[in-house]
Structure formats: structure tokens, C-alpha cells
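Heads up: the sequence shown begins at 1158 in the working numbering, then just goes up one per residue.
Yeah, the Cβ is synthetic: ideal placement off N, Cα and C, and Gly gets one too.
Here is the structure we will look at, set down as C-alpha cells.
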Amino acid sequence: MTKMTFGPAFTEEGILFRLWAPLHESVSLKIEGADPRLMQAVGDGWHHSTVADAGVGTRYRFVLPDGLEIPDPASRFQPQDVHGPSEVVDLSFYRWKMNDWTGRPWEEMVIYEMHIGCFTPEGTFKAAIARLDHLQALGVTALQIMPLSEFPGRYSWGYDGVLPYAPDSSYGRPEDFMALVDAAHQRGISVFLDVVYNHFGPDGNYIPSYAPLFTDHHKTPWGNGINYDGDGSEMIREFIIENAIYWITDFRLDGFRFDAVHAIKDDSAEHLLHALARRVRAAAGDRHVHLIVENEENDSDLLQRGENGEVKLFTAQWNDDVHHVLHITATGETFGYYADYTGDAGKLGRALAEGFVFQGEHMPYRGASRGKPSGYLPSTAFISFIQNHDQIGNRALGDRVLASSPADVIKAVAAIYLLAPEIPMLFMGEEWGAREPFPFFCDFDEDLNEKVRKGRREELSRLPGFDADDLLDPTAPSTFAAAKLDWSKLASSEVLRFYRALLDLRHRRIVPLLNGAGAGNAVYRSAGSALAVDWTLAQNRRLHLHANLGAEAAPLVSQQNDGETIFRLGGSDGGNLSPWTVIWSIGEA
């Protein structure tokens, strides 16, 4: 196990319990079945207590001077949820089967976003293992698991976690998560974890009662920002950075997706994000570790490459822009922020060739400019998708509207994003055309539940086409249950066969051309619904896309020799492309 500053430590004298509580001069340790004992104040806000007869399975709390009993903020396991006692675990007991696993290069990634609670009927780590063979056969090479940190209640998206070192007990024990990671590695599948370092959930976060977790110098959508740059921030930063290192080292994860990094405010000399990326990569050594950001600001500075194309900080960003254009194309929806992505196929061309659609231009929906130039970055700095938890869940009914599109439309948009040089990401069940919704769900006490219901109604009522009366109750057990995948529909899926064929083609023909592909290597042309994009990739090869994403025939916008056709959907007649046509070819650069 990695040596950590926070949480219980195994010593020759027994278990060392530690709490950083600088707001109190005294703290007590309460082990179940025993009276509280005063901890020793050892300086700099730390309180220690070594217990000789404590060990694996010991359950404990800390007691503040006012009598408030709190869990360990670095608890490794919470068997009775966020308000219950913490449990001592020894992760070194797990015997890894894949000791020689070093990860996979980034260009090989086909990412599969999943929610453990909804991925299987059982909703556990162990149950997920049984479905890994399906993902391997599909062509998935990386799981991206939605947040696991202990959250309040029976179900949650995970973004309301409050104990970042403890996998939520509703999914199983920490050792079960290790087994899932191990089983994925046995199948050549990397594992990324979605982590939330921009806020803590509203229920079960006791840290502000004994440490300066928040600061009023920074504001976020969830209230005061986390104190990454004020008095006492050194330990707050260390708590978060060590958390990331803990997942990478003790659980052998292959990387992270960092939630809403634009909401991580820090005026330090070295921003938390920079320090975190630097130290995580150092802790990983020679393993392949990949760091993904979600960034509403489209700040391409975080994606900088070195002279030889090596990643400096973050490997890639979720590219909402590709999703928005493809979503409009498939569904015809143009409300809210989608309105800024309407027009001809040029917006899709720019997203595929350069990354962001908005690279500093004014965005009417925001009422301000958005983004920075991104065309100088390699295509693999961007992750493309047509479904994810946000874009489905932030609809009133959480419906997968694209899954209801005509088959030729679904195939056309899938053929574009699964074969393009950007890194593709599927959302669980997408590969067989799952119709199950993925609405927002959570399980707080009744007071907080009502606030969530009201907040969701207000948030979604701003979007045209949504009637707040249709909103599912996010706190109802039925809402969570409705999101669970129905695996019985897998076997008869024509969509699944199509996805498997596309991903097989990607691994055979596209992936070998991505390693060493230069940056700023693409150009696009468009007219109406017709589009042509050229990427200059490795091995002196040029990847070319012809597409007509419309219901009417459209003239070709490029007449050049395209080389060998490797994929064709639809067709062409002379100088025209049939509706919903996608043609990929590879030729000399």
C-alpha cells in the first residue's frame, strides 16, 4: 500500500488513527464497543492515537469537543453510509492477478462510460465483472466509471460524494472494486475513474466542522469554492492530490476523468490541476496513465503538448461540441445551447478537424465568448461521443432521444464518431440501442430531496420544449430503477453488430495511424449537409471522410482521389451523395 498522510496507518504498535482538525485543540477517538479516548495533539492541527488491539475490521469515529461524532474524512470503507462509522481495511490483502499490467497507449482507447449501480440489475462491482467479456468483444479498451466516492443514500449519480477515499458501500467492498479493475486488465481494458474535486455533496460532509475546507474568495455553482489557495490550503491540496495518487497506486487505475475543472478555482503559484497532474504522473512511473478533463470553458491550454507531441498536463477533453452538432443532425432539436450549433455541416467539420467549434467566438446562449484556439492540437486531444450521462440525464425525462432516431441516421452519426481520429466514448447500452432512460437520481433526507426536486424543475424549465410537470422525481426509487440496463435486449440487436464492425475496423485501420500523427493536421470543407474532412496521419497516410448528414441528396464538396475505401454507408450517384451517406477512405498524404 502507498504511504499516505490521511487515514489509518498500520504500524508495529498497532493502528495509527489520524485526523487533521486545526479548528479544535482536542479530538477524541471512539472505537465501537469502547469508550472514547483523547487523541494526542501532535502539532500543525494533527491529532493522533495508536491503538494496539485495533486491526482490520475495526470500526471507529472521531468525536469533536461539542460531541459531534464524525467519520474519518479519509475513510477507506463506510459500511453504514456517510453518517456511520469508518472501517479499517488492509488493501494489501488483495492478490493481484495482472501484476505486469502497464496500461495501454492513448491512441488505442475506445472508452465506455458506465454507472456501476445501473450497469447491471445487481448494481455491484462483482456483477459488472460478469459483463466484461461483452465489452472486450465489442472492442472497448477503457472503462470510465462514474464517481464512486461514498455518497449519502441508496443511489446517486455520484457527484454528491463526501468521502473521496471510500468506494460507495452500495456497490460492494473496496476489495470488490480492486477485483473489477484486475478483471478488466485481464481483458486488456483500462479503467478510468470520474473524480469530483470541485465541490463536496450537501449531506455527510463534516470537514468544515473541523478544518478550513471552503473559502469565500471563490464561488462555484455549489457555493463557496474549496480552499486551494488560502490559509490552511496546503493540507486541503494534499488531501485531494493524495486521493488521486491513492486510486492510481492502491487500486491500479489507469487514469481519471476530472469533473468540471472550470469550477476548480485556485490562485496559487501552481494551480491545483497542474500540481495534481504532475504528481499523479510521477506516482504512476512508467505506466500508461491518462488524465481527462471536463471543461465548460474549452480551455485548450490544459491540453498542451511538448515538442515531441508528449502530453504535458492533461491527455484529452470531453468534446461537447461534436456531440451537439451530431445530436442536432440526428434529432432536429435546436433548443437551448443547441441553437448555437445549427447551420450547415461546417460546424461538425470544424469540431472533427480542429476540436472546438467555438474557439474564442461569441456564443449567443452564453452571452459571452467561449473557448480558445484548438486546431494546433492532435485529434486525440479530444473525446467524441453521441451519448453521455450529462447529455441524457439533463433532459426532463432522461430519455435517450437519439436511440429513437431512424436506423440510417443512427448508423451515420455512429460511423462518423467511431471512425474519426478523435477518441470515441460510448455510454453504457448505446452499443445495442438501449432505450432505458438515464435520468438524474439521488437519495437524501426529505428536506434535501424537496430542494433537489425544486431545483431540477427550475433548471429544466429554462429550456424550451421541457414541461416541468413532466419531470421525473429524481429522488424516487422508481427513477433509479428505470435507469438500469435491460440486458435481455442485447442478443437481437442489429445496432450491436454494426458497432462491433465499426470498432473492429477502427482498431485495424485507424488506430495504427494515430501514434505519431502530427498536430494541426486536418482540413474540412462543407456545403449544406455535405462534408469532407482530411486528416494527415502517421505513416504518410491521409484519412478522408465524405458525408451527407441530411435527408436529401447533396453534391460532393471534394472531388479528389481518396484512395482505398474502407467503409461505406449509403452511396453516391455521379457528383451527389445519397441521404445519410458516410464514406471513409485512406490514401497517400
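| query | result |
| --- | --- |
| Just to confirm my understanding: we take Asp-1501, look at its own chain, exclude 5 residues before and 5 after, and list those with CB closer than 8 Å. What are they? | Ser-1683, Ala-1684, Gly-1685, Ser-1686 |
| Just the C-alpha distance for Gly-1260 and Leu-1295, rounded to the nearest angstrom, thanks. | 19 Å |
| Counting along the chain, where does the alpha helix (DSSP H) carrying Arg-1610 start and finish? | 1603-1618 |
| Secondary structure at His-1205, three-state DSSP: helix, strand or coil? | strand |
| Could you tell me the distance, in whole angstroms, from the CA atom of Tyr-1522 to the CA atom of Tyr-1269? | 30 Å |
| Following the continuous beta strand (DSSP E) through Met-1196, name the residue where it begins and the one where it ends. | Taken as a continuous stretch (DSSP letters only), Met-1196 belongs to no beta strand (DSSP E), as it is neither H nor E. |
| On a Cα-Cα basis, can you pick out the residue from Val-1319, Met-1520, Arg-1216, Pro-1321 that is closest to Asn-1455? | Met-1520 |
| By alpha-carbon positions, which one of Asp-1229, Ala-1420, Glu-1244, Glu-1451 ends up nearest to Asn-1362? | Asp-1229 |
| Over the uninterrupted alpha helix (DSSP H) stretch that includes Ala-1441, give me the two end residues. | 1429-1441 |
| On the DSSP letters alone, give me the boundaries of the beta strand (DSSP E) that Trp-1404 sits inside. | No beta strand (DSSP E) holds Trp-1404; the alpha helix (DSSP H) holding it covers 1390-1407. |
| Mind checking who Gly-1744 pairs with in its DSSP beta bridge? | Arg-1699 |
| Rounding to the nearest angstrom, what Cα-Cα distance links Gly-1387 and Phe-1371 in this structure? | 9 Å |
| Are three or more beta carbon pairs between the region 1523-1542 and the region 1470-1485 nearer than 8 Å? | yes |
| Going by DSSP, which residues form a beta bridge with Arg-1725? | Ile-1740 |
| Secondary structure at Met-1335, three-state DSSP: helix, strand or coil? | helix |
| Run through DSSP, which three-state label would Tyr-1498 get? | helix |
| Going along the chain, which residues of its own chain have a beta-carbon closer than 7 Å to the beta-carbon of Ser-1635, five neighbours each way excluded? | none |
| Is the CB-CB distance between Ala-1695 and Leu-1671 below 8 Å? | yes |
| Measuring CA to CA, which of Gly-1224, Ala-1704, Leu-1660 is closest to Leu-1292? | Leu-1660 |
| Taking 7 Å as the cut-off, is the beta-carbon of Asp-1290 closer than that to any non-hydrogen atom of the ligand MG? | As far as ligands go, the structure on display features none, and thus does not contain the ligand MG. |
| Alpha carbon to alpha carbon, how far is Leu-1642 from Pro-1278? Give it in angstroms, no decimals. | 7 Å |
| Taking 8 Å as the cut-off, decide whether the C-beta atoms of Leu-1460 and Leu-1350 are in contact. | no |
| Within a Cβ cutoff of 6 Å, which residues of the same chain sit near Asp-1247, ignoring the five residues on either side of it in sequence? | Val-1213 |
| Take Met-1271 as the anchor and find which of Ile-1397, Ile-1740, Arg-1654, Ala-1640 has the nearest alpha-carbon. | Ala-1640 |
| Who are the near neighbours of Glu-1518 in its chain, counting only those whose CB is closer than 8 Å to its CB and skipping five residues on each side? | Ser-1526, Arg-1527, Gly-1528 |
| With 8 Å as the threshold, decide whether the Cβ of Gln-1548 is near any Cβ in chain D. | Among the chains of the structure shown, chain D does not appear; only one protein chain is present. |
| Suppose you measure from the CA of Pro-1236 to the CA of Pro-1242; what does that come to, to the nearest Å? | 8 Å |
| Only counting the same chain, and skipping five residues up and downstream in sequence, which positions put a Cβ closer than 8 Å to that of Tyr-1574? | Val-1479, Leu-1483, Ser-1541, Phe-1542, Ile-1543, Pro-1581 |
| Give every residue of the same chain whose Cβ lies closer than 8 Å to the Cβ of Thr-1488, excluding the five residues on either side of it in the sequence, and list them in chain order. | Val-1558, Leu-1559, Ser-1562 |
| Leaving aside the five residues before and after Arg-1344 along the sequence, list all residues of the same chain whose C-beta is less than 6 Å from its C-beta, in chain order. | Leu-1289, Gln-1293 |
| Among Gly-1744, Glu-1721, Pro-1712, which has the Cα closest to the Cα of Asp-1730? | Pro-1712 |
| Start and end of the alpha helix (DSSP H) containing Phe-1584? | Unbroken run through Phe-1584 is the beta strand (DSSP E), 1580-1584; no alpha helix (DSSP H). |
| Which whole-angstrom value is the C-beta distance of Arg-1444 and Ile-1398, which I expect to be below 8 Å? | That belief does not hold up - the Cβ atoms of Arg-1444 and Ile-1398 are roughly 18 Å apart, past 8 Å. |
| Going by DSSP in three states, Trp-1314 sits in which element: helix, strand or coil? | coil |
| Just the C-alpha distance for Pro-1130 and Tyr-1217, rounded to the nearest angstrom, thanks. | The first residue shown for the chain is 1158 and the last is 1746, placing residue 1130 beyond what the model contains. |
| Is the region 1248-1257 touching the region 1329-1344 in the sense that three or more CB pairs, one from each, lie closer than 8 Å? | yes |
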